[in-house]
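Engineer: All residue numbers for the sequence shown refer to my numbering, where the first residue is 1301 and numbers rise by one.
Don't be surprised by glycine CBs; every beta carbon is placed ideally from N, CA and C.
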Amino acid sequence: MKQLKLVCLLLPLFIFSGCKDDDNDSSIKTGIYLYRFDASDTKEWNAFFSDYPQDQESFYQLEFGVTPLPDPLDASVYALRISGNNHSDDLLSFIYRPVGGLAPNTTYKATFELEIASNALTNGIGIGGDPNLALGVGGISYPPENTLDDLGMYRPNFNSSLQSGEANEVFALAGNIGVNPEYSNTFRTAYRDNADSPIELTSNENGELWLMIATDSGYEGITTLYYSSIFIQLQPI
1301 MKQLKLVCLL LPLFIFSGCK DDDNDSSIKT GIYLYRFDAS DTKEWNAFFS
1351 DYPQDQESFY QLEFGVTPLP DPLDASVYAL RISGNNHSDD LLSFIYRPVG
1401 GLAPNTTYKA TFELEIASNA LTNGIGIGGD PNLALGVGGI SYPPENTLDD
1451 LGMYRPNFNS SLQSGEANEV FALAGNIGVN PEYSNTFRTA YRDNADSPIE
1501 LTSNENGELW LMIATDSGYE GITTLYYSSI FIQLQPI
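1) Beta strand (DSSP E) containing SER1350: first to last residue?
2) For the candidate residues PRO1456, LEU1373 and LEU1391, whose alpha-carbon lies nearest to that of SER1528?
3) Measuring alpha carbon to alpha carbon, tell me which of ASN1423, SER1460 and ASN1485 ends up nearest ALA1472.
4) Going by other Cβ atoms of all chains shown within 10 Å of its Cβ, with 16 needed for buried, is TYR1396 buried or exposed?
5) Tell me whether SER1464 sits in a helix, a strand or coil according to DSSP, three-state version.
6) Please name the residue in TYR1442, GLY1331 and LEU1448 whose C-alpha comes closest to that of GLY1401.
7) Reducing DSSP to helix, strand and coil, say where LYS1409 ends up.
8) Rounded to the nearest angstrom, what separates LEU1421 and GLY1452 at their Cα positions?
9) Might you give, ordered along the chain, the residues of its own chain that have their beta carbon closer than 6 Å to the beta carbon of VAL1479, omitting 5 neighbours on each side?
10) Under three-state DSSP, which class holds LEU1373?
11) Between which two residues does the beta strand (DSSP E) carrying ALA1490 extend?
12) For TYR1378, which option in ALA1474, TYR1335, LEU1462 and ASN1468 has the closest C-alpha, if you only look at C-alpha atoms?
13) By alpha-carbon positions, which one of GLY1521, LYS1343, GLN1533 and ALA1514 ends up nearest to GLN1361?
14) Three-state secondary structure (DSSP) at PRO1353?
15) With 16 other CB atoms within 10 Å as the buried threshold, where does TYR1454 fall?
16) My understanding is that THR1262 touches ILE1537, with C-beta atoms under 8 Å, so please give their C-beta distance in whole angstroms.
17) Helix or strand or just coil, what does DSSP make of PHE1531?
18) Under the rule that 16 or more other beta-carbon atoms within 10 Å means buried, what is ASN1324, buried or exposed?
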């Protein structure tokens, strides 16, 4: 089992280390962030859903909050829970958080280490697609927003290739969400990261990024994920 960094002793952790740039007398910041959760605090993480019809949040069962881990896992551990029922065959679901204090207009190499809980199959066949969805990690330099297309569908203001199992300029791949080799609804913990494929993210003029962890589903069913620990490093290039 892959262990998260020992900096877990400080929760949540937000560290900057700087090195002097003699040319412009500014600091290039390295960001280290660790988040764990309690019963009442999302640590400023939010949920975002897209690629579904306007005013259909209840029908799509779109849910987000902090809850204990489900049975048979340790109920004393709290996690971010995000869930949705993919009636559209194209539901984009993710959690995101803004971070500031970075160097303006600077490219960072971003790596994520996640402790998740999932009940998705690893080798299953689902309605419309495989329930073993690709897990994407990354971010953008502006707030994620929805717009309505001509068919009344919400569309995001960025591109995702996760439904095809591919990375792009927004998301790197951090594995898949499948944990059950046989048909089962049992939730299990798993560790996912993009250590082998860091993503390059460029901050905006205010030194901001919106960090995201996402799935883009072709599986026409309910996908529920828990995030009990999120560790992120932003290393300036």
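Structural biologist: Looking at the atomic coordinates:
1) For SER1350, the uninterrupted beta strand (DSSP E) run begins and ends at 1346–1350, by DSSP.
2) Of PRO1456, LEU1373 and LEU1391, the smallest CA-CA separation from SER1528 is found for LEU1373.
3) The residue with the shortest Cα to Cα distance from ALA1472 is SER1460.
4) Looking at its Cβ environment, which holds 16 or more other Cβ atoms inside 10 Å, TYR1396 is buried.
5) In this structure, DSSP gives SER1464 a helical state, which the three-state scheme calls helix.
6) Comparing Cα positions, the closest option is GLY1331.
7) When DSSP states are grouped into helix, strand and coil, LYS1409 belongs to the strand group.
8) Straight-line spacing of the CA atoms in LEU1421 and GLY1452 works out to 32 Å.
9) SER1418, ARG1488 and ALA1490.
10) Assignment of LEU1373 by DSSP, reduced to helix, strand and coil, places it in the coil class.
11) Looking at the DSSP string, the run of the beta strand (DSSP E) that includes ALA1490 is 1488–1493.
12) In terms of Cα proximity to TYR1378, the closest of ALA1474, TYR1335, LEU1462 and ASN1468 is TYR1335.
13) GLN1361 has its Cα closest to that of GLY1521, out of GLY1521, LYS1343, GLN1533 and ALA1514.
14) Strand.
15) Buried, since its Cβ has 16 or more Cβ neighbours within 10 Å.
16) Nothing about residue 1262 can be read from this structure; the chain reaches only from 1301 to 1537.
17) Reduced to three states, the DSSP call for PHE1531 is strand.
18) Reliability fails at ASN1324, whose pLDDT of 40 lies under 50, so the model's placement of it is uncertain and no value is given.
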